[in-house]
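With full-length UniProt numbering, letter number 2 in the sequence shown gets 2, and the count goes up by one each step, no holes.
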Amino acid sequence: MKVLFVTSTFPRSEDDDQVPWLLELTLVLRERGLDVEVLAPTYEGLSSHRVFGVPVHRYRYWRKTGEVVTHEAGAMNKMERGSGLFLPALSLVGAGTIAAARLARRRKFDVIHSHWPLPMGLPAQAADWYSRGAPGLVATFHGAEVALAKRKSHYRPVLKWLTGNLDAAISNSRSTAATVEELTGVRPEVIPFGPPRGSVDFGRGPEDGASGDDGLPVVLAVGRMIERKGFPVLVRAAKRLRGRARVVIVGGGEYESVVRREVERAGVGDVVTLAGRLSNAELAAAYAGCAVFCLPAVLDSRGETEGLGVVLIEAMSHGKPVVASDIGGIPDAVEAGETGLLVKPNDPDALADALLSVVRDDTLARRLGEAGRRRARDLFSWESVAERHLALYRRAISRASAPAR
Numbered sequence: 001m002k003v004l005f006v007t008s009t010f011p012r013s014e015d016d017d018q019v020p021w022l023l024e025l026t027l028v029l030r031e032r033g034l035d036v037e038v039l040a041p042t043y044e045g046l047s048s049h050r051v052f053g054v055p056v057h058r059y060r061y062w063r064k065t066g067e068v069v070t071h072e073a074g075a076m077n078k079m080e081r082g083s084g085l086f087l088p089a090l091s092l093v094g095a096g097t098i099a100a101a102r103l104a105r106r107r108k109f110d111v112i113h114s115h116w117p118l119p120m121g122l123p124a125q126a127a128d129w130y131s132r133g134a135p136g137l138v139a140t141f142h143g144a145e146v147a148l149a150k151r152k153s154h155y156r157p158v159l160k161w162l163t164g165n166l167d168a169a170i171s172n173s174r175s176t177a178a179t180v181e182e183l184t185g186v187r188p189e190v191i192p193f194g195p196p197r198g199s200v201d202f203g204r205g206p207e208d209g210a211s212g213d214d215g216l217p218v219v220l221a222v223g224r225m226i227e228r229k230g231f232p233v234l235v236r237a238a239k240r241l242r243g244r245a246r247v248v249i250v251g252g253g254e255y256e257s258v259v260r261r262e263v264e265r266a267g268v269g270d271v272v273t274l275a276g277r278l279s280n281a282e283l284a285a286a287y288a289g290c291a292v293f294c295l296p297a298v299l300d301s302r303g304e305t306e307g308l309g310v311v312l313i314e315a316m317s318h319g320k321p322v323v324a325s326d327i328g329g330i331p332d333a334v335e336a337g338e339t340g341l342l343v344k345p346n347d348p349d350a351l352a353d354a355l356l357s358v359v360r361d362d363t364l365a366r367r368l369g370e371a372g373r374r375r376a377r378d379l380f381s382w383e384s385v386a387e388r389h390l391a392l393y394r395r396a397i398s399r400a401s402a403p404a405r
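Written as structure tokens, this is what we have:
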């Protein structure tokens, strides 16, 4: 089976940490015998190349200095913010449509699979139109595109048209699937992504969290510094953790200055450490050394929140109890009261109460951590993800080749 991923972003090298789950999906499908290629826009003039042997077809769409639409933040978000990238973003879609059509003419694909139908649905559709044969057309919704369509009504007919041509649809959570169905009438199959396979070992037992330098248990939070992660809520909750736990926030990004100002405003510099970006080995050590993992997600000013929260699955894979907001796709990852505790979003006191209940009770922490590890292994392993994609691809190919299409 030959599959073309049409995506707005893909790792630039084997060390690039952009969308690691998409690289994992590519590799695990190749391990099962699929021939996977990727079509993605260039980044600052980057030429076509290979990542772990995967052909990545890069296409140019603007001047080199303007080819920065797709990294660090989503293309649609950048375009919406009016950051001088509106025309490059439109060109990204137009050039992608031409590149996809040309690639599909040269190669015969069994499946055309787009990620983020806004903005990549039209290039994927072009690849389907110009393909030799009748490939199955598949799209995965990750949440940002449907949140945008909810905010901006003029995107809805575009999204509905693109979705109406699909042979199969995927979403990363039940929350995202419900929004897709609301906007388009199509109900995607929910197939979440797991953590990077090299970051966990399901054969090992749960890891005991080490204390920090001051002997206090560590509350760990990991993620790109953006509004919807809700890190300022955790910073405000840290006041009540003083003397009971330390907070370590790992990651960098556009919202880092906001989080730093909140640390200063709340006067919790002695409690909260902003660790910045860490290497994979350093991050694995951080997971192993924490007592509890926290994702205090919120609904951001654009109406977006966590589509799933892969970092939660990664923490559970390490056997760690988790405390997170009851919002978006997070309940798909965390079974409330069984693998972790869920609290009302944007409520520092409720968040502090939940964190303290875990760090104070070793029995509760171990029970939640062990149950979380089993859930991560059974539902979010890449073996399970790959098998579900394979089954869906087969159905899509069958539907695409049916006479009634």
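Quick reminder that beta carbons are idealized off the backbone N, C-alpha and C, glycines included. Please read these numbers as outputs of a predicted model, since none were measured by experiment.
- For ALA245, the closest of ASP326, LEU356, GLU182 by C-alpha to C-alpha distance is LEU356.
- Around the beta-carbon of ILE191, 16 or more other beta-carbon atoms lie within 10 Å, marking it buried.
- Assigned with DSSP and collapsed to three states, SER13 falls in coil, not helix or strand.
- Using a Cβ distance threshold of 8 Å, VAL111 and ALA354 do not count as a contacting pair.
- When the five nearest sequence neighbours on each side are left out, the beta carbons in the same chain lying within less than 6 Å of the beta carbon of LEU299 are those of THR305, in order along the chain.
- The beta carbons of LEU342 and ALA336 sit closer together than 8 Å.
- Inter-residue distance for ALA169 and VAL322 is about 30 Å (C-alpha atoms, whole angstroms).
- Annotation for ALA221: the continuous beta strand (DSSP E) segment containing it runs 218-222.
- The Cβ atoms of VAL292 and ALA365 sit closer than 8 Å to each other.
- PHE86 is bridged by DSSP to nothing; it lacks a bridge partner.
- Between ARG12 and SER47, the alpha-carbon positions lie close to 10 Å from each other.
- Residue ALA315 holds the alpha-carbon nearest to the alpha-carbon of ALA288 among ALA315, GLY269, PRO232, ARG265.
- Excluding five sequence positions before and after ALA350, the CB atoms of its chain that fall closer than 6 Å to its own CB belong to VAL343, LYS344, given in chain order.
- Taking a contact as a CB-CB distance under 8 Å, the pair PRO232 and VAL259 counts as one, their CB atoms being some 6 Å apart.
- 8 Å or more divides the Cβ of TYR59 from the Cβ of GLY94.
- Non-local beta-carbon contacts of GLY84 in its own chain, meaning distances under 7 Å to residues more than five positions away in sequence, are absent.
- Straight-line measurement puts the Cα of SER171 at about 31 Å from the Cα of VAL235.
- With respect to the 8 Å criterion, LEU162 and PRO123 are not classified as neighbours on the basis of their beta carbons.
- The shortest CA-to-CA distance from VAL28 to any of PRO195, ARG105, ALA324 is the one to PRO195.
- In its chain, beyond the 5 residues on either side, ALA147, LYS150, ARG151 have a beta carbon closer than 7 Å to the beta carbon of GLY303.
- Within its own chain, the residues whose Cβ lies closer than 8 Å to the Cβ of GLY45, once the five positions on either side in sequence are excluded, are ARG60, LYS64, GLU67, listed in chain order.
- LEU183 sits away from ASN165, with the two beta carbons spaced by 8 Å or more.
- For LYS152, there is no enclosing beta strand (DSSP E), since its DSSP letter is neither H nor E.
- For LEU4, the closest C-alpha among the options ASP17, VAL19, ASP35 is that of ASP35.
- By the criterion of a C-beta distance shorter than 6 Å, ALA99 is surrounded in its chain by TYR59, once the five residues flanking it on both sides are discounted.
- Between the C-alpha atoms of PHE193 and TYR130 there is a straight-line separation of about 30 Å.
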